[in-house]
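Reading through the structure tokens given below for one structure.
In the UniProt record's numbering, the protein residues as written are 1 to 604.
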């Protein structure tokens, strides 16, 4: 029988409250845990475990509840009904809450929206106005002695164990343009990275300092770069290496639809490199190994590439090309999942990063919006959650060999919002050998998506090439819903224009008007052959379908154009290219457009 820590509990946030699920006698499946005081609020916005696993906090729309995980007892209720985000300090001594900043007629200056509470007493120890929603979290040293908050373009440092505590900052950094700060998780005096965006004519700049030496001339490492409106800073677990993913919303060279992206590396030893990627296209994901000596990048147009780099930014292993956009390391760094979610089909590959780097299993987790490894490093959870997807909500637990161990489909009348593994102190779990032995799992109750191409009733039972839904003796349209013989008007117009241009360029050709036997718009060449535009069009394209109603024909033309665009989008999606939500919405409108087109083209 497995120990109690082998299968940590799952905290679940849904449209009907917060609850805890656990295994019964350490055996699957997961079931609701009766000892947890379920919160039945329908307005739960946030859920967070402390990094050491001692506390679980959630906001229920009336207050923030702080629960002790040793006995699942609520030990404090914080007066933050509008709390939108929750975050614990590295050792769980403090809980931070953030809510949307707002001003009212009675309070035009606004009130603090960032609060810090002591988890031991529930006492508020700090508050301030933090208008930024992105990068709102203050930074902490790993021992929680230094608290750093970015307000405007200035970083304020508080030595919380000193005489001033949270009352007054002891040091400052910056004071100019807006930027962002990231504190490294290293032991001892903390390193910190300070980024300042560039302006016209001046580049963006990132510098690494070691607290408390914060003079601009005392930076340990610095790197400047152009075309970097935004930056995402990622430290390795040891706090010795820093990756910077820079991006712009618009690529000024028009080389990429996704804007301009670049990946840079900096270290606390003063090293600085640009990470060279071998395929054009966007950078989909970047992740450090928990071992801190290597990182993976997924990049390039679909099918994307995945490459493992060392600390010198040398490519040491290629995972090949596949429709992927996500990276998930387990806590030990010996296993990594490379997956394709969002607009991709949900393929998941599990790779062993031992002496022999190899793919040990593959599985399908379509429509997953969330994936998280269990702290034991052997099983992981996938979930389909709202608001990203409001249908087929539920969660599954998998073994790294690809076996499905647990499946729960959420009730249709409710929405599943979040699922989180219980956390534990570092060292509770030990890394176990990775074996190729298959684990016996269960069969999923969800219906599998059909891989067959749809065929209308009239075509079923016939050979694939024996039926053409939109057949035409001369040409065929690739637009769904187009009746037989009906061609896209834009194509006809283009062909007529080309034909006229050819007649005009033909030597000796002349245009005559008003001659007997010829209508307006006819042409004659030296041979005396007379050709009407309409006759030329019919000979080139077959019989053109018209309703006789110009207004209705214009509507048909617009729908044809939309359907043509949808076919192109579907081709992109099939090839694995990521699509925007607006583009996916266009694809979803295909059936209604076809129905509307068919109603317009019915001839009485």
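Glycine residues also receive a C-beta, built at the ideal position from the N, C-alpha and C atoms.
Check the Cα spacing between residue 284 and each of 14, 293, 305, 401: the tightest is with 305.
In the three-state scheme derived from DSSP, where H, G and I count as helix and E and B as strand, residue 68 is classed as strand. Where residue 223 is concerned, the enclosing beta strand (DSSP E) starts and stops at 221-225. A residue is called buried when at least 16 other Cβ atoms come within 10 angstroms of its Cβ; residue 123 does not meet this threshold and is exposed. Note on residue 167: under 16 other CB atoms within 10 angstroms of its CB, so exposed under the neighbour-count rule. Positions of the beta strand (DSSP E) runs, each at least 3 residues long and wholly inside the region 4-81, are given as 10-14, 17-24, 27-32, 46-49, 55-59, 64-68, 73-78 in order along the chain. Going by C-alpha positions, residue 318 is about 14 Å away from residue 303. Of the candidates 239, 265, 237, the residue whose Cα lies closest to the Cα of residue 246 is 265.
In the DSSP assignment, residue 591 falls within the alpha helix (DSSP H) that extends over 590-600. Spatial neighbours of residue 401 in its own chain (CB-CB distance under 6 Å, excluding positions within 5 residues in sequence) are listed in chain order as 361, 438, 439.
Judged by DSSP in its simplified three-state form, residue 557 adopts helix.
Judged by DSSP secondary structure, residue 147 falls within the beta strand (DSSP E) whose first and last residues are 146-151. For the region 98-171, the full-length beta strand (DSSP E) segments reaching 3 residues or more read 114-118, 124-128, 146-151, 154-159 along the chain. Taking every protein chain shown into account, the CB of residue 216 has fewer than 16 other CB atoms within 10 angstroms, so this residue is exposed.
For residue 400, the secondary structure class from DSSP, reduced to helix, strand or coil, is coil. Contact fails between the region 407-414 and the region 44-55, because fewer than three Cβ pairs, one in each stretch, are under 8 Å apart.
Residue range 191-196 is occupied by the beta strand (DSSP E) that includes residue 195.
Nearest neighbour of residue 311 by Cα position, chosen from 326, 67, 293, 225, turns out to be 293.
Looking only at 269, 270, 324, 271, the smallest Cα-Cα distance to residue 296 is reached by 324. Contact annotation: the region 68-75 does not touch the region 89-109, with fewer than three C-beta pairs closer than 8 Å. Looking at the DSSP output, residue 261 shares a beta bridge with 247. Collapsing the DSSP output to three states places residue 218 in a helix.
The three-state reading of DSSP puts residue 582 in helix, counting H, G and I together. Beta-bridge analysis with DSSP links residue 310 to 294.
For residue 95, DSSP records a beta bridge to 88, 117. A direct Cα-to-Cα measurement between residue 204 and residue 7 gives close to 46 Å. Just so you know, the alpha carbons of residue 594 and residue 243 end up roughly 48 Å apart. Rounded to the nearest whole angstrom, the C-alpha separation of residue 314 and residue 279 is 15 Å. Here residue 382 carries a strand assignment [DSSP, helix/strand/coil].
Bridge pairing for residue 569: absent [DSSP]. Residue range 204-210 is occupied by the beta strand (DSSP E) that includes residue 208.
Looking at the DSSP output, residue 435 bridges to nothing. Counting along the chain, no beta strand (DSSP E) covers residue 279, and no H or E run does either. Between the region 334-343 and the region 365-380 there are three or more C-beta pairs closer than 8 Å, enough to call the two in contact.
Per the DSSP secondary-structure output, residue 347 pairs in a beta bridge with 364. Contact annotation: residue 597 and residue 559 have beta-carbon atoms nearer than 8 Å.
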